[in-house]
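The block underneath contains the structure these notes are about, expressed in structure tokens.
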Amino acid sequence: MAVRSELAASATIIVEARTEQRWWRPHDALPATEWREQRLALADPALPSELHGQIESVYQTCHRLNQRINDYLAEHKERQMFPMIPTPPSVYEFLEGDEAALRAAQED
93 MAVRSELAAS
103 ATIIVEARTE
113 QRWWRPHDAL
123 PATEWREQRL
133 ALADPALPSE
143 LHGQIESVYQ
153 TCHRLNQRIN
163 DYLAEHKERQ
173 MFPMIPTPPS
183 VYEFLEGDEA
193 ALRAAQED
């Protein structure tokens, strides 16, 4: 049940990002922010090993998406002499490859 709920939340966020053609903001709930801990908590030894692999794969995908957003924010801050507060919405606009990355994550 926990696995299904967590993955459903991630899927919802990914669908919203694709619909709005922008990344979610860092104060929003990100999928699998602490994917290692979550995966370990959800990887019940009673579950089949194939399911353990699927859980790990999905969380790694979510982690890569989170890292992509963090990289965009870091690049933006490096370009600023005086960091703007709040971060402008343009930082969250899709760049080349973003739509494909989200589509692939959604298919997982």
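If you count by my numbering, then the sequence shown holds residues 93 to 200, one letter each, in order.
Glycine residues also receive a C-beta, built at the ideal position from the N, C-alpha and C atoms.
Predicted model only: the values in this text are computed from it and were never measured.
Asked, Found
"Between the alpha carbons of Arg117 and Gly145, how many angstroms are there, rounded?", "29 Å"
"Is the segment 100-113 in contact with the segment 161-179, if contact means three or more CB pairs nearer than 8 Å?", "no"
"Assuming the contact rule is C-beta atoms closer than 8 Å, Leu157 and Ala193 should be a hit. Round their C-beta distance to whole Å, please.", "7 Å"
"DSSP three-state call for Glu185: helix, strand or coil?", "strand"
"Looking only at its own chain, which residues have a Cβ that is under 8 Å from the Cβ of Leu187, when we skip the five neighbours before and after it?", "Tyr164"
"Helix, strand or coil, according to DSSP, for Arg117 in the structure here?", "coil"
"Around the C-beta of Ser141, are 16 or more other C-beta atoms found within 10 angstroms, so that it is buried, or is it exposed?", "exposed"
"Quick check on Asp163: does DSSP put it in helix, strand or coil?", "helix"
"Using only the alpha-carbon positions, how far apart do Arg171 and Glu148 sit?", "35 Å"
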